[in-house]
Amino acid sequence: MISKTPEGASRAPLHRTRMAELVVLLCTLVLVSTVWVETDLYRYVLIPLVAVGLTTYFLRQDFFPMIGPIGWACLLWPVHVALRYLWVEHIQPDSTGGSAEGVYMFTGAYLTVGYIFFLYRNRLQRLLLPFFVISLVTLLATVQLSGMLDNENTRVEFLFHNNLIHASIGAGFILIAAFCHLLWLLDRRPRELPLYWQQLFLLLAVSLFALLGIVVAASKGVWIALLAALPLACFAVWTETRGTTRLLLTVAGIVAILTMALVFGARIEHLIGNEMASAWALIVELFSGGPVREVVLNKIESGALPSTFDERMRIWWNAMSIWRLDWLFGQGIYWENLWEQTRFADIGFELMHNSYLEIAIRFGIVGLIFYAILFGWCLYQMRRATIEGLVERKLYLFLMLSFVFFLVTMTSNSNIRLAIGESYMLVVGGFGFFAYYLRQWSATQPSR
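Numbering (UniProt numbering), first residue to last: 1 to 448.
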């Protein structure tokens with residue numbers, strides 16, 4: 001028998017209902033599912049997330065956070081993108097409409113994703129265990145160890161992505177997340193947490209298989225990105241741990257690096273040796289004092305570059321040729337028409353294989369500055385919230401490590417217009433606004 005609600009009793013707000021909480025947590029898990037599978041589902045789950053966020057924001061009476069100048073910039077940027085699209089279509093009737101232009105309008109969702117993170121800040125931790133369990137299951141199901149020790153140019157697929165580079169980036173995010181959560185776990189005592197040892201084993205297994213998958217996939221850009229993040233990870237071990245834990249992690253890290261070098265050194269050298277030598281030779285020539293464009297063009301047309309390096313050099317030459325037509329504002333969606341007029345238009349790709357150039361050819365220096373300020377602000381807000389004791393330090397560490405990793409992978413891949421890159425930017429942008437709202441909320445609370 002169901003008792004009646006007493007007259008005058010208020011119902012729980014929408015975002016506090018069990019159904020809304022379940023929907024939000026599931027949608028948030030799908031939002032980050034691009035590390036496992038490359039689909040557009042992360043876009044569709046934005047609809048219920050934004051719906052719950054906006055409804056709560058405008059109906060809630062006790063707290064109404066400001067979005068600030070960066071928030072307004074995030075809302076106006078999609079308007080700018082849309083107006084440029086319409087303007088180019090108007091003045092260039094032959095425009096082909098560009099490619100994946102809509103992804104640059106997602107900044108408008110960062111504010112609401114951040115508000116959802118703020119509303120459910122005490123519940124999001126429940127997603128960690130499912131995230132790592134799913135990560136381990138997908139890695140175990142797809143990582144193929146056969147051929148790992150071969151010195152041939154063997155690249156083995158894993159996870160559920162359209163190509164190995166995307167899968168390696170996803171595994172890189174999983175590896176960094178497992179590392180940061182491992183540091184958090186080691187900061188606790190076994191009796192403080194249920195399933196402590198099971199979680200420890202889970203995180204170690206996830207880290208191992210994510211790393212093995214990255215080695216087998218042989219994505220050189222991801223290898224370099226992980227190396228770039230390694231100094232920060234080492235610094236974190238020394239600052240976030242102490243005593244025996246610090247010693248064990250340091251020894252384990254050294255042993256792991258030496259083991260990787262001994263077991264996979266020959267394979268890694270075989271796969272990247274020629275490209276590293278070619279890149280170094282190009283750098284030396286560039287600093288020799290000759291005209292940059294002439295040096296690069298001669299290198300490309302010499303036919304001496306390794307195939308993948310040569311492809312990227314040709315693509316980047318085309319992209320720079322388009323960008324230099326308007327350094328400040330770029331070409332908008334008309335870049336695709338101009339691509340056919342570039343020197344190496346027959347390369348067979350229209351992805352720049354460089355996220356910075358993806359932005360530059362469309363929006364020029366203005367676009368690069370906009371994204372730099374936006375994500376710099378997001379990291380700043382997270383840092384301030386961490387210093388003020390509002391955010392767990394390991395969460396901020398994850399954002400810093402993953403962001404360094406992401407920035408480096410962007411130099412050799414068009415992450416910004418891929419599912420995994422778009423969803424990651426939604427998460428980082430969301431956490432930036434989450435921290436901004438949280439700091440405002442904290443300022444309204446009585447001093448303790």
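Even glycine gets a Cβ: it sits at the ideal position worked out from N, Cα and C.
From a predicted model like this one, the values you see are computed outputs, not experimental measurements.
Take residue i as the anchor and find which of the options has the nearest alpha-carbon.
i: V222; options: C180, T409, L438 and S442; result: T409
i: F106; options: G253, W323, L159 and G71; result: G71
i: I365; options: A435, L328 and L374; result: L328
i: F370; options: M352, A73 and I283; result: A73
i: D62; options: E285, P13 and C180; result: P13
i: L390; options: R439, L426, R84 and D346; result: R439
i: L22; options: E294, A435, I116 and A229; result: I116
i: V206; options: Y424, P130 and L49; result: P130
i: A20; options: Y104, G108, L183 and L119; result: L119
i: S302; options: S321, N318 and L282; result: L282
i: I361; options: W335, L226, L203 and L401; result: W335
i: I416; options: L41, F434 and L368; result: L368
i: N274; options: D310, V427, R242 and T239; result: D310
i: L25; options: L127, D40 and E101; result: L127
What does DSSP give as the partner residues of residue i in its beta bridges?
i: F344; result: None, per the DSSP bridge assignment.
i: V37; result: F160
In the DSSP assignment, the alpha helix (DSSP H) including residue i goes from what residue to what residue?
i: W87; result: G68 to I91
i: Y371; result: S355 to I387
i: I416; result: Per DSSP, I416 belongs to no alpha helix (DSSP H) and is neither H nor E.
i: residue 468; result: With the chain covering only 1 through 448, there is no way to say anything about residue 468.
i: Y104; result: Segment: none, Y104 is in no alpha helix (DSSP H) and carries neither H nor E.
i: F63; result: Counting along the chain, F63 falls outside any alpha helix (DSSP H), and DSSP gives it neither H nor E.
i: T138; result: L128 to T142
i: R18; result: R18 to L31
i: Y120; result: It is not in any alpha helix (DSSP H) - Y120 carries neither H nor E in the DSSP assignment.
i: G213; result: Y196 to A217
i: L397; result: R393 to T409
i: T239; result: K220 to E240
Around the Cβ of residue i, are there at least 16 other Cβ atoms within 10 angstroms (buried) or fewer (exposed)?
i: L140; result: exposed
i: S219; result: buried
i: S442; result: exposed
i: H15; result: buried
i: S168; result: buried
i: F64; result: exposed
i: A27; result: For the record, residue 27 in the displayed sequence is Cys; it is not Ala. Counting Cβ neighbours within 10 Å, C27 comes out buried, since at least 16 surround it.
i: residue 503; result: Residue 503 falls outside the range modelled here, since the chain spans only 1 to 448, and no answer is possible.
i: Y44; result: exposed
i: S307; result: exposed
i: G429; result: buried
i: F58; result: exposed
i: A9; result: Summary for A9: the model assigns pLDDT 43, below 50, so the residue's position carries little reliability; its value from the coordinates is reported in the next sentence. A9 is exposed by the Cβ-count criterion.
i: H353; result: buried
i: Q331; result: buried
i: Q381; result: buried
i: V81; result: buried
i: P6; result: Residue placement at P6 cannot be trusted, given a pLDDT of 42 that sits under 50; the coordinates are not used to answer.
i: R18; result: exposed
i: M1; result: Note on M1: pLDDT 31, under 50, position unreliable in the model; the coordinate value appears next. It counts as exposed.
i: K4; result: Only weak support is given to the placement of K4: the predicted model assigns it a pLDDT of 41, under 50, and the value that follows is read from those uncertain coordinates. By the 10 Å Cβ count, K4 comes out exposed.
i: F431; result: buried
i: C180; result: buried
I want to check one thing, is the minimum distance from the CB of residue i to the heavy atoms of the ligand GTP below 6 Å?
i: Y196; result: The ligand GTP is not among the ligands present in this structure, which contains no ligands whatsoever.
Q.
What ranges does the beta strand (DSSP E) occupy inside the region 246–273, keeping only unbroken runs of at least 3 residues that lie completely in it?
A. Those beta strand (DSSP E) runs which fall completely within the region 246–273 and span 3+ residues do not exist here.
*Enumerate, from N- to C-terminal direction, the unbroken alpha helix (DSSP H) stretches of 4 or more residues contained entirely within the region 269–337.*
Unbroken alpha helix (DSSP H) runs of no fewer than 4 residues, entirely contained in the region 269–337, are found at 292–301 and 307–323, following chain order.
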